[in-house]
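A.B. asks:
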Amino acid sequence: MNAFVRNLWYMAGWAQDVCEGQMLARTFLGRPWIVLRTHDGSYAMLADRCPHRFVALSKGTRNGDVITCAYHGLGFSAQGRCVHSPFGHETALAASVPTLPVVERWGILWFWPGDPAAADPALIPDFALLDDPKPIARATLRMDVGYELITDNLMDLSHAEFIHRATFGVNGSLMDSGQHRVVSDESGAIWNNWDMTDTQPPEWSRAMLPEGALIDQWLHIRWHAPASMALFIGLAQAGTDRREMVVPPMANPHILTPETPNSTWYFYTSDPGPEAEAFARKVFLEEDEPMVKSAAQGMAGEDFWALKPLILPTDAGAIRARRRLMQLRREEALA
Amino acid sequence: MNAFVRNLWYMAGWAQDVCEGQMLARTFLGRPWIVLRTHDGSYAMLADRCPHRFVALSKGTRNGDVITCAYHGLGFSAQGRCVHSPFGHETALAASVPTLPVVERWGILWFWPGDPAAADPALIPDFALLDDPKPIARATLRMDVGYELITDNLMDLSHAEFIHRATFGVNGSLMDSGQHRVVSDESGAIWNNWDMTDTQPPEWSRAMLPEGALIDQWLHIRWHAPASMALFIGLAQAGTDRREMVVPPMANPHILTPETPNSTWYFYTSDPGPEAEAFARKVFLEEDEPMVKSAAQGMAGEDFWALKPLILPTDAGAIRARRRLMQLRREEALA
Amino acid sequence: MNAFVRNLWYMAGWAQDVCEGQMLARTFLGRPWIVLRTHDGSYAMLADRCPHRFVALSKGTRNGDVITCAYHGLGFSAQGRCVHSPFGHETALAASVPTLPVVERWGILWFWPGDPAAADPALIPDFALLDDPKPIARATLRMDVGYELITDNLMDLSHAEFIHRATFGVNGSLMDSGQHRVVSDESGAIWNNWDMTDTQPPEWSRAMLPEGALIDQWLHIRWHAPASMALFIGLAQAGTDRREMVVPPMANPHILTPETPNSTWYFYTSDPGPEAEAFARKVFLEEDEPMVKSAAQGMAGEDFWALKPLILPTDAGAIRARRRLMQLRREEALA
Chain G
53 MNAFVRNLWY
63 MAGWAQDVCE
73 GQMLARTFLG
83 RPWIVLRTHD
93 GSYAMLADRC
103 PHRFVALSKG
113 TRNGDVITCA
123 YHGLGFSAQG
133 RCVHSPFGHE
143 TALAASVPTL
153 PVVERWGILW
163 FWPGDPAAAD
173 PALIPDFALL
183 DDPKPIARAT
193 LRMDVGYELI
203 TDNLMDLSHA
213 EFIHRATFGV
223 NGSLMDSGQH
233 RVVSDESGAI
243 WNNWDMTDTQ
253 PPEWSRAMLP
263 EGALIDQWLH
273 IRWHAPASMA
283 LFIGLAQAGT
293 DRREMVVPPM
303 ANPHILTPET
313 PNSTWYFYTS
323 DPGPEAEAFA
333 RKVFLEEDEP
343 MVKSAAQGMA
353 GEDFWALKPL
363 ILPTDAGAIR
373 ARRRLMQLRR
383 EEALA
Chain F
53 MNAFVRNLWY
63 MAGWAQDVCE
73 GQMLARTFLG
83 RPWIVLRTHD
93 GSYAMLADRC
103 PHRFVALSKG
113 TRNGDVITCA
123 YHGLGFSAQG
133 RCVHSPFGHE
143 TALAASVPTL
153 PVVERWGILW
163 FWPGDPAAAD
173 PALIPDFALL
183 DDPKPIARAT
193 LRMDVGYELI
203 TDNLMDLSHA
213 EFIHRATFGV
223 NGSLMDSGQH
233 RVVSDESGAI
243 WNNWDMTDTQ
253 PPEWSRAMLP
263 EGALIDQWLH
273 IRWHAPASMA
283 LFIGLAQAGT
293 DRREMVVPPM
303 ANPHILTPET
313 PNSTWYFYTS
323 DPGPEAEAFA
333 RKVFLEEDEP
343 MVKSAAQGMA
353 GEDFWALKPL
363 ILPTDAGAIR
373 ARRRLMQLRR
383 EEALA
Chain Z
53 MNAFVRNLWY
63 MAGWAQDVCE
73 GQMLARTFLG
83 RPWIVLRTHD
93 GSYAMLADRC
103 PHRFVALSKG
113 TRNGDVITCA
123 YHGLGFSAQG
133 RCVHSPFGHE
143 TALAASVPTL
153 PVVERWGILW
163 FWPGDPAAAD
173 PALIPDFALL
183 DDPKPIARAT
193 LRMDVGYELI
203 TDNLMDLSHA
213 EFIHRATFGV
223 NGSLMDSGQH
233 RVVSDESGAI
243 WNNWDMTDTQ
253 PPEWSRAMLP
263 EGALIDQWLH
273 IRWHAPASMA
283 LFIGLAQAGT
293 DRREMVVPPM
303 ANPHILTPET
313 PNSTWYFYTS
323 DPGPEAEAFA
333 RKVFLEEDEP
343 MVKSAAQGMA
353 GEDFWALKPL
363 ILPTDAGAIR
373 ARRRLMQLRR
383 EEALA
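Residue numbers (our numbering), protein chains in the order written: chain G, 53 to 387; chain F, 53 to 387; chain Z, 53 to 387.
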């Protein structure tokens, strides 16, 4: 079966990282691509491979919106057409490189690796949460693990009780009194929700609360295929029907795009500033990544289902996301 | 055909290296395992992979005899049963990880990767030679070569005349006057024996002998499947019917366990002390390993027999061991 | 299909690099070989693998013309026969290692990996250009790219206008006014010729010319299968019918021998002296190699033709060479 679902919007990167006049070269779904911003402020995405001798176009130069191959000087427009040839013009000018639809929405560049006719921007999942006027840091990581194992990690927040205790000050309330529900919504999202009522506050929040006060807390994570997630966290003073918030509600994207079957681009946000950004990196790279890498190693290239994993109630969200993806892959394989 | 014979006792390590309260994580026959000593002094061996998300259990913690997975806190007993779950208890507690029979004998931990019903400790080859009250160093090496090429090396001691001359003071007597016999015994062992009579002593032994005295010398190596070998060396004053020993007879284990098809755990003993231990490592890593690695490289992944090797009379023991293993693999493949 | 044409002469190295008494160990066409010069001044080529336990013979020692294996002391003559055995002589002395015909011509050692009966030295391509009494440096590089991509590079000199502008002072005259012809000759060679008439001289040659003088320039490259090329460069004062040379005509070998399907030995000459030699290395390793490596990466292991490359008029010579090789491989596969 095909490794990836193709008829979906994937995140290519943050718009702010694609500067005019430059080229962002990244591999997605196993193939190298160039993402660029053109002089009219729109974005484009081209295969990073010259059709002549297969050299990466990103090794070349950009002149206005034309990318010139370093090896023999063929020039390609942002639309992928050969627009300049130092050689036989007729032959060369008939050449082109593949392009993909790419759309900017909420500062995110979304691309559609499937049938371009089906690339409806209305299908982009809602990340209006990024409209927040509060300054945020938009970050990008690369992990040497397939994206489904990282989705498992994010869609099962109970892992925080085990690997993020020291960093997040998790105190067992999720395991002790958390109510867990998995729900779908009309956007096609799968929600994996934890709600805790009348529970002890995390250490870091005590100073903001009356002596001995309890809290209501929630951790909701929303998944859209293939792996575009949003995490919603709230802490309210207990008994206020979630009206007296201890801190403002938090909403953060956790969006994954496969680089290859075994490596992933991880896009997320954090508070700005060197300390907060280093903290977020540390959590992802020193706490989460070793676990998901060990999982990948343990699987030794075998299929997840073939290994008959133990499925716990807390996995319900992650498993539903895996099943949805498997179904989409199957549908595309049949189509 | 299967790469390994499964219904045999293999050496997992030295009992002294498996400390109570700790976990020894090692790959054998291509799969990761944990070896541990429990509070009652017995030993256990579990697959080093959580059945939930496949993370290595050895990344977790040990509390008494329970191993707790680092990722989601599932706890497993030394018998492989899930005995603690922070989640839905019924589902989790039905889970388990594979275990292997493991037995301590002469300070060696032996495991049986095949049918547990057939794991009869009476089949463990005799290493009572380790009962010697003289202090010894029990050592472990890892070599990036398949175990059969290392067996070839050990079962054909004539190589010492070529690669261990400087270190062992070998002086050609094996090639010049050695009598070579290959014999089997009722334990299933194959013996590859060299005996030299009225021969020049090695340089290092001259000071212990009358001026001009000759010696009788023997080098006997015993093999049990898969690759558990014992080397017996003797030097006696010539003409004494092996009664007047120049040095006490020496007996040392050379036991190999495949880590993967192309890498091997090598267990051996030497005299204790930094100098003697460094000397033994040097011989194995600087003299033997480069040869067997070059052999592996020369084979370039092809089958030994398909390459139609030149077989010399001195190879008789090694070839008989290879044939025995091939026959055992074939029998298991048919069963 | 077979990866390499076998019934052809390939370059093993420069005769000057194969010193008497030593062994040159190199992999060609995916197999390890030893090249050596014997006491009578002739050359020999043997498989670098002992037929006994497959250890590299080049790890052994050379005594006169006998190569002794380091592992068990078997000795092999330059003709590949086992001529010494410390063991059962009859068995061992019947053994041998494969050899290849090898011939010295113009300081080059040529070997024939195919049917020895067909190894006619008259088929060695003409490199009499190396008879030049002017001192030259004979150089050897290894590139991690298949030889056909390097052939593409050499057989399409237009790339110089893009990647060698700074180093060679190319000034666009090839693209602007070059006449390009591809011709064959009776030796089986394919010539890819560029001729420029009444054109601006390169910067470095202006001091040797009258103020404002134009030049006639030619760049001819000759290819013999599998990848033995010779580059002929000339600069004459324009209007002199190529009689008044600006610098003496230049002729240089560019001979490629596959090490493996994805790596290549590159043999060439340059002016002698540390500066000129460093310059040539820099051009090959910093300008050409990154391009051909990027091409190989872009192809991602797929077949050149299956990728439907854009073929430009300037590729005519390279494409004809590729077609010739494909035809030779096909003929050998059928034979």
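Note that the Cβ used here is the ideal one computed from N, Cα and C, for glycine as well.
Would you report the Cα separation of tyrosine 62/F and arginine 114/Z, rounded to the nearest angstrom?
C.D. replies: Here the alpha carbons of arginine 114/Z and tyrosine 62/F stand approximately 42 Å from one another.
A.B. asks: Of the choices Ala108/Z, Asp92/Z and His104/Z, whose alpha-carbon is the least far from that of isoleucine 86/Z?
C.D. replies: With respect to the C-alpha of isoleucine 86/Z, the residue from Ala108/Z, Asp92/Z and His104/Z having the closest C-alpha is Ala108/Z.
A.B. asks: Which runs of the alpha helix (DSSP H), 4 residues or longer, sit entirely within the segment 122-170 of chain G?
C.D. replies: 141-145
A.B. asks: If you measure between the beta carbons of leucine 201/Z and alanine 347/Z, is that distance less than 8 Å?
C.D. replies: yes
A.B. asks: Closer than 8 Å between beta carbons: that is the criterion. Which residues of the segment 105-116 of chain F meet it against chain G?
C.D. replies: Arg105, Phe106, Val107, Ala108 and Lys111
A.B. asks: By the criterion of Cβ-Cβ separation under 8 Å, what are the contact partners of isoleucine 215/G in chain F?
C.D. replies: Ala122 and Tyr123
A.B. asks: For glycine 350/Z, count the other beta carbons within 10 Å of its own beta carbon; 16 or more makes it buried, fewer makes it exposed. Which is it?
C.D. replies: buried
A.B. asks: Check whether chain Z comes within 8 Å of threonine 143/F, counting only Cβ atoms and requiring the distance to be less than that.
C.D. replies: no
A.B. asks: Which whole-angstrom value describes the C-beta separation of proline 84/Z and glycine 198/Z, a residue pair presumed to lie in contact below a C-beta threshold of 8 Å?
C.D. replies: Between proline 84/Z and glycine 198/Z the beta-carbon gap is near 19 Å, outside 8 Å, which marks them as no contact.
A.B. asks: Using the beta-carbon of each residue, which ones in chain G are nearer than 7 Å to serine 346/Z?
C.D. replies: Against chain G, a Cβ distance below 7 Å from serine 346/Z picks out Val107, Ala108 and Lys111.
A.B. asks: Measuring only the C-alpha atoms, how far is glycine 73/G from isoleucine 119/G?
C.D. replies: 10 Å
A.B. asks: Indicate whether at least one CB of chain F lies closer than 8 Å to the CB of arginine 133/Z.
C.D. replies: Closer than 8 Å to the CB of arginine 133/Z there is not a single CB belonging to chain F.
A.B. asks: For alanine 55/F and chain G, any beta-carbon pair shorter than 8 Å?
C.D. replies: Chain G contact via Cβ: absent.
A.B. asks: Using the Cα positions of leucine 364/F and histidine 124/F, report the straight-line distance between them to the nearest angstrom.
C.D. replies: Straight through space, the alpha carbons of histidine 124/F and leucine 364/F are spaced by roughly 57 Å.
A.B. asks: Identify every residue that forms a DSSP beta bridge with valine 234/Z.
C.D. replies: Asn244/Z
A.B. asks: Going by C-alpha distance, which of Leu88/F, Leu271/F and Tyr95/F is nearest histidine 232/F?
C.D. replies: With distances taken between Cα atoms, histidine 232/F lies closest to Leu271/F.
A.B. asks: Per DSSP, which residues does glycine 286/G bridge with? Please list them.
C.D. replies: Trp270/G
A.B. asks: Hey, out of Pro254/G, Val235/G and Ala218/G, whose CA is closest to serine 225/G's CA?
C.D. replies: Pro254/G
A.B. asks: Can you find at least 3 beta carbon pairs, one from the segment 332-342 of chain Z and one from the segment 214-224 of chain Z, that sit closer than 8 Å?
C.D. replies: The answer is yes - the segment 214-224 of chain Z touches the segment 332-342 of chain Z, with three or more Cβ pairs under 8 Å.
A.B. asks: Please name the residue in Ala387/Z, Leu126/Z, Ile307/Z and Glu338/Z whose C-alpha comes closest to that of isoleucine 160/Z.
C.D. replies: Ile307/Z
A.B. asks: Exposed or buried, arginine 375/Z, counting other C-beta atoms within 10 Å across all chains shown (16 or more means buried)?
C.D. replies: exposed
A.B. asks: On the DSSP bridge assignment, give the partners of arginine 78/Z in chain order.
C.D. replies: Answer is Trp85/Z.
A.B. asks: Determine, for alanine 351/G, whether the minimum Cβ-Cβ distance to residues of chain F falls below 8 Å.
C.D. replies: Looking at the sequence provided, one finds methionine at residue 351/G rather than alanine. With a threshold of 8 Å between beta carbons, methionine 351/G makes contact with chain F.
A.B. asks: Alanine 330/F: buried (16+ other C-beta within 10 angstroms of its C-beta) or exposed?
C.D. replies: exposed
A.B. asks: Please list, in chain order, the chain F residues whose beta carbon lies closer than 7 Å to that of glycine 140/Z.
C.D. replies: Leu364 and Pro365
A.B. asks: Taking CB distances under 8 Å as the criterion, tell me whether glycine 147/Z reaches chain F.
C.D. replies: Per the sequence presented here, residue 147/Z reads as alanine, with glycine not at that position. Residue-level contact check: alanine 147/Z touches chain F, since one or more beta carbons of chain F fall below 8 Å from its beta carbon.
A.B. asks: Among residues of its own chain, excluding the 5 on either side of aspartate 250/Z, which ones have a beta-carbon nearer than 6 Å to its beta-carbon?
C.D. replies: Leu266 and Ala290
A.B. asks: Let me check understanding here. Comparing Cα to Cα, which of Thr309/F, Gly369/F and Ala77/F lies closest to arginine 194/F?
C.D. replies: When each option's Cα is compared against that of arginine 194/F, the closest is Thr309/F.
A.B. asks: Is the beta carbon of proline 173/F sitting closer than 8 Å to the one on serine 280/F?
C.D. replies: Going by C-beta atoms, proline 173/F is not nearer than 8 Å to serine 280/F.
A.B. asks: How many whole angstroms separate the CB atoms of leucine 377/F and phenylalanine 106/Z, which I take to be in contact at a CB cut-off of 8 Å?
C.D. replies: In this structure leucine 377/F does not touch phenylalanine 106/Z by the C-beta definition: roughly 18 Å separates them, more than the 8 Å allowed.
A.B. asks: Return the CA-CA distance between histidine 104/G and leucine 362/Z, expressed in angstroms with no decimal places.
C.D. replies: 4 Å
A.B. asks: Between Phe80/G, Gly65/G and Met75/G, which lies nearest to alanine 130/G when the distance is taken from Cα to Cα?
C.D. replies: Met75/G
A.B. asks: On a Cα-Cα basis, can you pick out the residue from Ser148/G, Gln379/G, Leu283/G and Ala55/G that is closest to alanine 99/G?
C.D. replies: Ser148/G
A.B. asks: Pull up the CB-CB distance for histidine 276/F and glycine 240/F, whole angstroms please, since I reckon it's below 8 Å.
C.D. replies: 6 Å
A.B. asks: Within the 8 Å Cβ cut-off, does histidine 272/G reach chain F?
C.D. replies: Answer no: the Cβ-Cβ gap between histidine 272/G and chain F never drops below 8 Å.
A.B. asks: List the whole-angstrom C-beta distance separating valine 235/F from tryptophan 243/F, where the pair is believed to meet the contact cut-off of C-beta under 8 Å.
C.D. replies: 5 Å
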